[in-house]
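Encoded as C-alpha cells, the structure appears first; notes follow it.
In our numbering, the protein residues as written are 2 to 436.
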C-alpha cells in the first residue's frame, strides 16, 4: 500500500524522472562520464569507459538496495554494485570522486528532464487558455474588486490574464534552468585535490559529456541557492494555478453560478447530500499549491549548510524535490482537464450583470457627465455617488432614478446602460495578449 499520495493518487509521468531507477541510471551516467574523462587524459587504460558503460547496464536496483542495507550509504552501494559488474575495470569506478560529485551532477540531469516535462505541460495549458480567451473575448460579465461588483469586463480578459502569467512562469523556469544545469567534479571540499592538476580538465570533460555547465566553485556540494530558485519558480506556477482554481471555485458558488468545473454523470459530490456538485478538482489544486509553496521554505533552509557542508539537506531533498515537481505537474494536468470541460451559464452571467440594478454603470455615467455635459469631475462623482446610494437604499434601478432626476434622457440612458458597450479595449487586449 502506498504511503505517499504521489505514488498513486497524484502520480504523473514526472514520477519516472525521480524514481529510484531513474536516479540509479543518472548516477551511473555520471560515473561513465568520469571514466571517459580519465581515459581521455590517460589516467586509466583504454577500454575502461566502455567496460564501465557495459557494466552499468547489468546493475540492478535490487542489488544496489541489498548492498545499501548492509553499508547504509546509497551512493557507495551503487559504486560497489557497478564495481562488481565491471571486472578489471571496476578498480577505476568512482576514481577521485566524492559522493556529491555524482549525486549533485545527477540531480542536475534529473532537474533538466523534469523542467522539460513541466514546460511541455505548461505549453499545453497555455493553448487551452488561449482558446478560452479568444472564444470568450466578447462574453461580458461583471468585474469584481474587493468582492464587490465593479464594472463590466469579459471572460476573455480573465483567461488572457492567466495566459500571460503562465508565460512568465515558463520564462522564470527556463531562466532558473540555466543556473541549475550545472554539475561538479571537485572532491570532498571542492578543491579537486584527489584529481591533482587534472581537476579542472576532468570537470570540464565530464560536464561537456553530460551536457551540463560547470559550477565554477563549490565546497562538497553544489550550492543550494540554485535548487531553491527552481522550487521558487515552481511555487510561482503553483500560485497561478491556485489563483485560477480559486476563481473557478468562487464563480461556481451557488449564489454566483456563472461557471463550473466539469461534473461526470456518475460523479458523487457528497456522501450525504445527493445534490452537491462540489468544485473538488479546483480545491485539490489549491491544496497542493500550499504544499509546493511550503517546500520553498525548506529549500531556503538548505542554503545555509555548515562549513563546507553538512547532511541536513539530504533527507528533506529526497521529499521536496520530487514532491514539488510531481505536485506542480499534477496541478497543470488537472487544471487542463478542468478548463477543457469548463461549463458556462450565460443566463447567470447576464443575471449577475443586472444584480445591482445598474449600479455597475455609475462610473460610466460620471465620465459621460464630465465629458459631454461639462461638469467637473468631482461634481459629477458626487452627484452620481449620491444617486447611487439612493438607488441602493431604495432598491431602485439607477437608470430609472437618473431619468426621474432628469440627469439623462432616455436615449442617453439606453446607451450608457448597455453593458456590452462598456468593456473598453477588452477585445483588443485579449487579441494582443494571446496573439
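By construction, the Cβ of each residue, glycine as well, lies at the ideal position given by its N, Cα and C atoms.
Check: With DSSP run on the structure shown, which of helix, strand or coil describes residue 281?; Outcome: helix
Check: Verify whether the separation of the beta carbon atoms of residue 362 and residue 126 is less than 9 Å.; Outcome: no
Check: Classify residue 89 as buried or exposed, calling it buried when 16 or more other Cβ atoms lie within 10 Å of its own Cβ.; Outcome: exposed
Check: The ligand SAH and residue 20: does the residue's C-beta get closer than 8 Å to at least one heavy atom of that ligand?; Outcome: Annotation note on the ligand SAH: not contained in the displayed structure, which lists no ligands.
Check: For residue 221 versus residue 183, is the C-beta distance shorter than 9 Å?; Outcome: no
Check: Could you give the first and the last residue of the continuous alpha helix (DSSP H) run that contains residue 250?; Outcome: 226-252
Check: Pick helix, strand or coil for residue 192, following the three-state DSSP scheme.; Outcome: coil
Check: What are the boundary residues of the beta strand (DSSP E) that includes residue 150?; Outcome: 149-155
Check: Pull the bridge partners of residue 142 from the DSSP assignment, please.; Outcome: 154
Check: What span of residues does the alpha helix (DSSP H) with residue 1 cover, start to end?; Outcome: Past the boundaries of the shown model lies residue 1; the chain is included only from 2 to 436, so the question cannot be answered.
Check: Looking at residue 118: is its Cβ nearer than 9 Å to the Cβ of residue 260?; Outcome: no
Check: Please list the terminal residues of the continuous alpha helix (DSSP H) segment that includes residue 41.; Outcome: 21-41
Check: CB-CB under 6 Å to residue 193, same chain, minus the five flanking residues each way: which ones, in chain order?; Outcome: 187 and 200
Check: Thinking C-beta only, is residue 156 closer than 9 Å to residue 434?; Outcome: no
Check: Residue 379 lies in the alpha helix (DSSP H); which residues open and close that run?; Outcome: 378-395
Check: In whole angstroms, what is the alpha-carbon distance linking residue 263 and residue 245?; Outcome: 15 Å
Check: Here's a check: name, in chain order, each residue in its chain whose Cβ is nearer than 8 Å to the Cβ of residue 304, leaving out the five neighbours to either side.; Outcome: 224, 225, 226 and 229
Check: Using the Cα positions of residue 170 and residue 240, report the straight-line distance between them to the nearest angstrom.; Outcome: 10 Å
Check: With a cut-off of 8 Å on the beta carbons, I'd call residue 403 and residue 366 a contact; round off their distance for me.; Outcome: 7 Å
Check: Since residue 97 contacts residue 219 with CB under 8 Å, what's their CB separation in whole angstroms?; Outcome: That belief does not hold up - the Cβ atoms of residue 97 and residue 219 are roughly 15 Å apart, past 8 Å.
Check: Alpha carbons only, please: which of 330, 413 and 391 is nearest the one belonging to residue 368?; Outcome: 413
Check: Provide the residue span of the alpha helix (DSSP H) that contains residue 1, from first to last.; Outcome: The requested residue 1 does not occur in the structure, where the chain is confined to residues 2 to 436.
Check: With the cut-off set at 9 Å, would you say residue 72 and residue 59 are in Cβ contact?; Outcome: no
Check: Cα separation between residue 92 and residue 342?; Outcome: 59 Å
Check: Measuring alpha carbon to alpha carbon, tell me which residue in 179, 175 and 288 is nearest residue 6.; Outcome: 288
Check: Under 7 Å Cβ to Cβ from residue 276, same chain only, skipping five residues before and after it: list those, please.; Outcome: none
Check: Hey, quick one: how far does the alpha helix (DSSP H) through residue 198 stretch, first residue to last?; Outcome: Run containing residue 198: none; DSSP gives neither H nor E here.
Check: Using the rule of at least 16 other Cβ atoms within 10 Å of the residue's Cβ for burial, across every protein chain shown, is residue 100 buried or exposed?; Outcome: buried
Check: Which one or two residues does DSSP pair with residue 183 in a beta bridge?; Outcome: 214
Check: For residue 11 and residue 45, I'd like the C-alpha separation in whole angstroms.; Outcome: 46 Å
Check: What would DSSP say about residue 109, mapped onto helix, strand or coil?; Outcome: helix
Check: Can you round the beta-carbon distance between residue 113 and residue 431 to whole angstroms, since I take them to be within the 8 Å contact cut?; Outcome: Not confirmed; about 35 Å, so no contact.
Check: If I follow the unbroken alpha helix (DSSP H) through residue 44, where does it start and stop?; Outcome: Premise fails: residue 44 is in no alpha helix (DSSP H) and is neither H nor E.
Check: Starting from the Cα of residue 355, find the closest Cα among 30, 8, 141 and 135 and give me that residue.; Outcome: 141
Check: What do you get for residue 95, buried or exposed, if any count of 16 or more other CB atoms within 10 angstroms of its CB means buried?; Outcome: buried
Check: Could you pull the start and end residues of the alpha helix (DSSP H) that residue 59 belongs to?; Outcome: No alpha helix (DSSP H) holds residue 59; DSSP gives it neither H nor E.
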